[in-house]
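Structure first, then comments.
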Amino acid sequence: MRRAEAMGHAGGSRVARYRLPGSGPHMARVHGNGTVADPLGGVRLEPVVGDLFGELLPTGQPWLRAADVTLLPPVMPGKVVGIGSNYRDHAAELGRELPTVPKIFLKPPSAVIGFGQDITVPPGTQRVDHEAELALVIGRTLCRVSRERALKGIAGITCLNDVTARDLQRVDGVFARAKGFDSFCPLGPWLARGLPPDDLAVRCRVRDIDGTWHTRQDGRSRDMVFDAAQLIVFVSAVMTLQPGDVIATGTPAGVGPLLAGQRVQVQVEGVGVLENPVVNRQDRIPTARV
Ligand code: MG
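Numbering (my numbering), first residue to last: 40 to 329.
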């Protein structure tokens with residue numbers, strides 16, 4: 040049976056990192072839920088101190104409206120491990136075979152941005168796609184772990200947009216450039232701790248320049264080819280995962296282009312909505328001949 044839909048969180052806690060003018064980063068417990076139309080509306084932040092992956096204590100300072108602060112990515116990962124073709128319907132839409140082992144790639148930490156920050160389309164690409172993804176945030180050092188230890192190593196879940204220059208991905212045959220531009224890894228809006236990742240809705244919406252929203256992707260994490268535990272077992276057998284590292288678990292069908300002037304949302308059920316505007320970068324990227 041399908042789990043009840045919720046914008047917010049059923050159990051555990053949600054933790055945001057934020058900045059105020061002249062100070063920060065700070066941490067806060069997240070209270071309340073926004074709506075799709077207004078992801079931060081009604082959300083209040085209770086300032087806390089402590090360990091993002093452990094105990095958090097209220098500071099006693101006044102609560103803040105989430106809309107009044109600058110939200111930061113919930114973690115600054117040492118690495119972002121991406122998973123290719125991890126939903127059957129997405130592999131089919133790209134004309135790819137289903138993988139027999141997880142296909143992993145890296146997105147550079149320099150690509151990470153938070154809620155509300157611009158996704159910048161660089162010159163030299165004609166096709167930049169959104170990819171709505173459930174992101175696993177690692178909470179402890181994991182090296183060659185079992186399935187059981189893998190699940191205990193998840194600190195929480197957040198939303199991730201695996202922004203991809205589709206044309207450059209095809210030209211290059213490898214992913215580092217196509218998925219590695221600055222701003223190509225929106226992450227947030229906060230960390231949902233203690234949320235089982237196995238059957239959550241993963242959605243993407245795009246707001247056109249005329250203000251209308253369109254649902255582009257609407258999948259469920261239970262349709263992943265390799266589930267969260269399998270991914271952590273596999274990745275941790277290759278590279279040691281550290282607290283704050285992120286695994287982007289792949290995207291369901293419906294990837295499509297982003298254009299300057301649009302806004303894009305990634306929603307993971309039980310976490311919240313990550314929203315970013317899309318702008319064009321005006322300068323030139325160097326070519327091999329420079
Ligand atoms: Mg992806």
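For glycine and all other residues, C-beta sits at the position ideal for the given N, C-alpha and C. A quick note: this is a predicted structure, and the numbers were derived from the prediction, not measured.
Buried/exposed call for residue i, threshold 16 Cβ in 10 Å
{"i": "Val160", "result": "buried"}
{"i": "Trp102", "result": "exposed"}
{"i": "Asp107", "result": "exposed"}
{"i": "Ile248", "result": "exposed"}
{"i": "His253", "result": "exposed"}
{"i": "Gly89", "result": "exposed"}
{"i": "Asp331", "result": "Residue 331 is absent from the structure shown; the chain starts at 40 and stops at 329."}
{"i": "Gly153", "result": "buried"}
{"i": "Ser62", "result": "exposed"}
{"i": "Glu44", "result": "Note on Glu44: pLDDT 39, under 50, position unreliable in the model; the coordinate value appears next. By the neighbour-count rule (16 or more Cβ atoms within 10 Å), Glu44 is not buried but exposed."}
{"i": "Pro162", "result": "exposed"}
Residues that residue i bridges to, as DSSP identifies them
{"i": "His415", "result": "Absent from the structure is residue 415, since the part of the chain shown begins at 40 and ends at 329."}
{"i": "Val241", "result": "Gly258 and Val307"}
{"i": "Lys142", "result": "Gly123"}
{"i": "Leu59", "result": "Ser62"}
{"i": "Val264", "result": "BP columns for Val264 are empty, so no partner."}
{"i": "Leu313", "result": "Val305"}
{"i": "Asn319", "result": "Val160"}
{"i": "Ala67", "result": "Ala55 and Pro86"}
Limits of the unbroken beta strand (DSSP E) element including residue i
{"i": "Ala194", "result": "Ile193 to Asn200"}
{"i": "Val120", "result": "Val119 to Gly123"}
{"i": "Ala171", "result": "Ala171 to Ile177"}
{"i": "Ile231", "result": "Checking the sequence shown, residue 231 turns out to be Ala, not Ile. That run of the beta strand (DSSP E) goes Cys224 to Arg232."}
{"i": "Pro337", "result": "The structure shown does not extend to residue 337, since the chain spans only 40 to 329, so no value can be given for it."}
{"i": "Val285", "result": "Val285 to Ala287"}
{"i": "Leu110", "result": "Thr109 to Leu111"}
{"i": "Gly160", "result": "At residue 160 the sequence reads Val, which differs from the Gly that was named. Ile158 to Val160 is the extent of the beta strand (DSSP E) around Val160."}
{"i": "Leu84", "result": "Arg83 to Gly89"}
Anticipated Cβ contact below 8 Å, residue i with residue j, distance rounded
{"i": "Ile158", "j": "Val303", "result": "7 Å"}
{"i": "Leu173", "j": "Ile196", "result": "6 Å"}
{"i": "Pro116", "j": "Gly283", "result": "5 Å"}
{"i": "Pro296", "j": "Asp168", "result": "6 Å"}
Within 8 Å, strictly: CB atoms of residue i and residue j
{"i": "Lys146", "j": "Gly219", "result": "yes"}
{"i": "Pro113", "j": "Val151", "result": "no"}
{"i": "Pro78", "j": "Glu314", "result": "yes"}
{"i": "Gln256", "j": "Asp206", "result": "no"}
{"i": "Phe144", "j": "Phe214", "result": "yes"}
{"i": "Cys198", "j": "Val305", "result": "yes"}
{"i": "Leu181", "j": "Thr279", "result": "yes"}
{"i": "Ile122", "j": "Ala189", "result": "no"}
{"i": "Leu298", "j": "Val54", "result": "no"}
{"i": "Pro138", "j": "Val264", "result": "yes"}
{"i": "Pro228", "j": "Ser260", "result": "no"}
{"i": "Glu85", "j": "His70", "result": "yes"}
{"i": "Val241", "j": "Pro291", "result": "yes"}
{"i": "Arg352", "j": "Ser124", "result": "One cannot answer for residue 352 here, as it falls past the ends of the chain, which runs 40 to 329."}
{"i": "Glu170", "j": "Leu239", "result": "no"}
Residue range of the alpha helix (DSSP H) that includes residue i
{"i": "Ser185", "result": "Element bounds for Ser185: n/a, residue is neither H nor E."}
{"i": "Leu207", "result": "Arg205 to Asp211"}
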